[in-house]
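**Q**
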Amino acid sequence: GSVVAWGHKAYGGDSSAVQDQLKNVQQIQATGGGAFAAILADGSVVSWGDPDRGGDSSAVQDQLKDVQQVQGTNGLFAGGAFAAVLADGSVVTWGKPGHGGNSSAVQDQ
């Protein structure tokens with residue numbers, strides 16, 4: 334499917350920067366901090382919204398292949414990160430480090 338976003342730009346209401354990538358969308362998740370992540374049919378992920386709270390996945394984009402599921406953190410003070418489960422069972426995180434966006438300390442567990 335395709336995506337139509339609305340609302341305040343700072344909270345993910347404007348997806349125009351990634352609109353051309355939002356084709357064959359299978360699932361969308363949000364953080365409580367104003368970012369969205371869409372899983373596409375090819376297993377890739379497109380994100381938009383507040384870049385500090387998960388809207389910018391460019392740092393991990395090369396790892397976001399064969400994504401099966403994405404979950405966003407929620408809550409007024411903890412809504413700023415995403416975790417993606419890949420087909421091989423590994424997990425990729427991005428977003429605000431203090432909200433779970435940096436899982437490097439436990440990546441080998």
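Per our numbering: the sequence shown = residues 334 to 442. Glycine is no exception: its CB is placed at the ideal position from the N, C-alpha and C atoms.
1) Cutting at 7 Å between CB atoms, please list the residues of its own chain near Asp343, excluding the five before and the five after it.
2) Using a Cβ distance threshold of 8 Å, determine whether the region 409-425 contacts the region 384-391, with at least three qualifying pairs required.
3) Does the beta-carbon distance from Gly393 to Val425 come in below 7 Å?
4) Out of Leu373, Gln396, Ala417 and Ser436, state which residue places its alpha-carbon closest to the alpha-carbon of Gly405.
5) Within the same chain, show all residues whose beta-carbon is closer than 8 Å to that of Asp395, passing over the 5 residues directly before and after it, in chain order.
6) If I measure Cβ to Cβ from Thr364 and keep anything under 6 Å in the same chain, skipping five residues before and after, which residues do I get?
7) State yes or no: is the C-beta of Ala370 within less than 7 Å of the C-beta of Val378?
8) Quick one: what's got a C-beta closer than 7 Å to Ser436's C-beta in the same chain, skipping five residues either side?
**A** Concretely, from the data shown:
1) This sequence places Ala at residue 343; Asp is not what is there. Closer than 7 Å at the Cβ level, and outside the excluded window around Ala343, lie Gly367 and Asp383.
2) Note that the region 409-425 touches the region 384-391; at least 3 beta-carbon pairs, one per stretch, sit closer than 8 Å.
3) It should be noted that the sequence gives Val, not Gly, for residue 393. Yes.
4) Nearest C-alpha to Gly405: Ala417.
5) Cβ neighbours of Asp395 beyond the five flanking positions: none.
6) Only Arg386, Gly387, Gly405, Thr406, Gly412 and Gly413 meet the Cβ criterion.
7) The answer is yes: Cβ separation under 7 Å.
8) Result list for Ser436: Val424 and Thr426, in chain order.
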